[in-house]
Amino acid sequence: MTGSVSGTQDVARSVTEELDALELALGGANNTRFASAANEDARLGVVAFPLEGGDADKRVNRRADEPFTAASTIKVYVLQALLESVAAGRHGLHDPVELAAEDQVTGSGVLKTLVTGRAYTLLDIATLMIVVSDNTATNLLVELLGTERINGVIQAHGWSGTHLRGKLQVKRAPDSGPVTPSRTTPRDLADYFARLWRGELLPVDLTEVAKRIYSAQQFTELGRALDYDQYSAEVGDSDVLIASKSGSVRGVRNDAGVVTLDALTERPSRFVVAVMTDGCPDLRFHPENLGARVVGKAAATVLRRLSREGPSARTFTRP
53 MTGSVSGTQD
63 VARSVTEELD
73 ALELALGGAN
83 NTRFASAANE
93 DARLGVVAFP
103 LEGGDADKRV
113 NRRADEPFTA
123 ASTIKVYVLQ
133 ALLESVAAGR
143 HGLHDPVELA
153 AEDQVTGSGV
163 LKTLVTGRAY
173 TLLDIATLMI
183 VVSDNTATNL
193 LVELLGTERI
203 NGVIQAHGWS
213 GTHLRGKLQV
223 KRAPDSGPVT
233 PSRTTPRDLA
243 DYFARLWRGE
253 LLPVDLTEVA
263 KRIYSAQQFT
273 ELGRALDYDQ
283 YSAEVGDSDV
293 LIASKSGSVR
303 GVRNDAGVVT
313 LDALTERPSR
323 FVVAVMTDGC
333 PDLRFHPENL
343 GARVVGKAAA
353 TVLRRLSREG
363 PSARTFTRP
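Position 284, counted from 1, in the sequence shown is what this note's numbering calls 336; the numbers after and before it change by one each time, with no gaps.
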């Protein structure tokens with residue numbers, strides 16, 4: 053028994069050391085490209101655990117309750133508020149919402165490029181908000197629901213480290229002062245996805261709607277250091293499945309959701325993973341952004357730790 057406990061402690065210590073090293077790398081340490089802008093205050097936050105329970109030893113918590121800039125991960129709470137409104141009968145998934153020119157904003161998404169004056173269903177708008185992280189779609193939903201109501205939903209579920217500032221990419225007056233970004237924590241994101249997947253947040257039909265949307269997200273970072281092929285997952289030919297929501301602004305890369313390993317076997321295992329960063333000196337919106345790579349490596353690190361007792365270990369490639 054003593055040997056088993058010692059081995060577990062050694063594994064936990066190893067994961068902590070790996071995450072420490074990744075946080076150091078996030079700040080640009082020992083990276084010639086970013087040496088002149090290296091940031092020793094860069095932060096890496098992680099919460100991860102098996103979806104189907106497990107003891108406290110089967111959890112990873114790092115900066116779990118520290119607030120981070122949410123970036124587009126704030127959109128999961130907008131989706132929750134929308135689906136709660138649908139469940140309450142205030143809105144329907146097929147209700148039309150008209151896109152006007154003044155609704156179009158910069159950043160990720162496709163609605164900013166489409167012809168205005170036509171209507172889309174709320175389901176279409178919600179899907180675009182998550183799948184391609186559409187900022188214009190998000191603002192349409194924030195306008196419909198109201199920032200106060202969305203924040204009320206957030207607080208009602210106990211996500212006390214989370215706050216939606218308001219619409220995204222809205223132009224502000226030059227003298228309006230600094231903007232406080234929307235925020236959330238690794239623990240709040242992980243709790244949201246765990247409770248959603250367990251069916252604790254919404255009726256069954258709307259839970260399935262949300263799961264389908266997250267499973268189609270096109271910008272996941274969690275699979276970067278795994279043997280993950282998004283197209284194979286889409287057509288049902290992947291042993292790794294990821295349903296998540298990522299987020300990015302300059303210096304920030306986040307991703308949170310549910311990762312399924314051994315998906316093609318009779319004993320798949322599911323894990324909730326939330327990874328958040330800030331302070332990265334790589335400000336590029338680029339596939340090989342340093343922060344994005346750190347998010348992927350952190351996800352692989354904690355999944356190796358959580359799945360090391362079972363067959364899932366074979367799905368990993370080294371970050």
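We put the beta carbon where it would ideally sit given N, CA and C, even for glycine.
- Distance from the CA atom of Ala-87 to the CA atom of Gly-79, rounded to whole angstroms, is 9 Å.
- By the Cβ criterion, the region 291-303 is not in contact with the region 64-79, since fewer than three pairs of Cβ atoms, one from each stretch, lie closer than 8 Å.
- Counting only runs of 4+ residues, the alpha helix (DSSP H) found wholly inside the region 274-358 occupies 282-286, in chain order.
- Secondary structure note for Thr-259: its alpha helix (DSSP H) is the uninterrupted segment 256-267.
- Taking the CA atoms as reference points, Ala-189 sits about 12 Å from Thr-165.
- In this structure the region 266-275 touches the region 304-313; the number of beta carbon pairs closer than 8 Å is three or more.
- Per DSSP, reduced to three states, the secondary structure at Leu-253 is coil, with no helix or strand assignment.
- In terms of CA proximity to Ala-242, Arg-322 leads the group Glu-340, Arg-322, Pro-148.
- Rounded to the nearest whole angstrom, the C-alpha separation of Val-183 and Ile-265 is 7 Å.
- Membership of Arg-201 in the alpha helix (DSSP H) is indicated by the continuous run 199-208.
- For the options Leu-145, Ala-268, Glu-286, Met-328, the alpha carbon positioned closest to that of Ala-94 is the one of Met-328.
- Secondary structure of Phe-101 (DSSP, three-state): strand.
- The beta-carbon distance between Asp-117 and Gly-210, rounded to whole angstroms, is 12 Å. This is too long to meet the 8 Å contact definition.
- The C-beta separation of Asp-307 from Val-347 comes to about 5 Å, placing the pair in contact by the 8 Å criterion.
- Considering only Leu-258, Tyr-283, Leu-134, Leu-254, the residue with the shortest C-alpha distance to Ala-268 is Tyr-283.
- DSSP places Glu-92 outside any beta strand (DSSP E), giving it a letter other than H or E.
- If you draw a straight line from the Cα of Arg-114 to the Cα of Val-205, it is about 26 Å long.
- Beta-carbon to beta-carbon, Pro-233 and Arg-217 are separated by about 6 Å, close enough to satisfy the 8 Å threshold.
- Bridge partners of Asn-83 according to DSSP: none are assigned.
- When the five nearest sequence neighbours on each side are left out, the beta carbons in the same chain lying within less than 8 Å of the beta carbon of Tyr-129 are those of Ile-202, Val-205, Ile-206, Trp-211, Thr-214, Leu-216, Thr-236, Tyr-244, in order along the chain.
- Membership of Thr-179 in the alpha helix (DSSP H) is indicated by the continuous run 174-183.
- DSSP places Thr-188 within a helical segment (H, G or I) once states are collapsed to three.
- Annotation for Glu-150: the continuous beta strand (DSSP E) segment containing it runs 148-150.
- In the DSSP assignment, Val-112 falls within the unbroken beta strand (DSSP E) covering 112-114.
- Here the region 169-188 makes contact with the region 135-155; the two share three or more CB pairs at distances below 8 Å.
- Here the C-alpha atom of Ser-66 lies approximately 38 Å from the C-alpha atom of Asp-186.
- With a 10 Å radius around the Cβ and a threshold of 16 neighbouring Cβ atoms, Phe-101 comes out buried.
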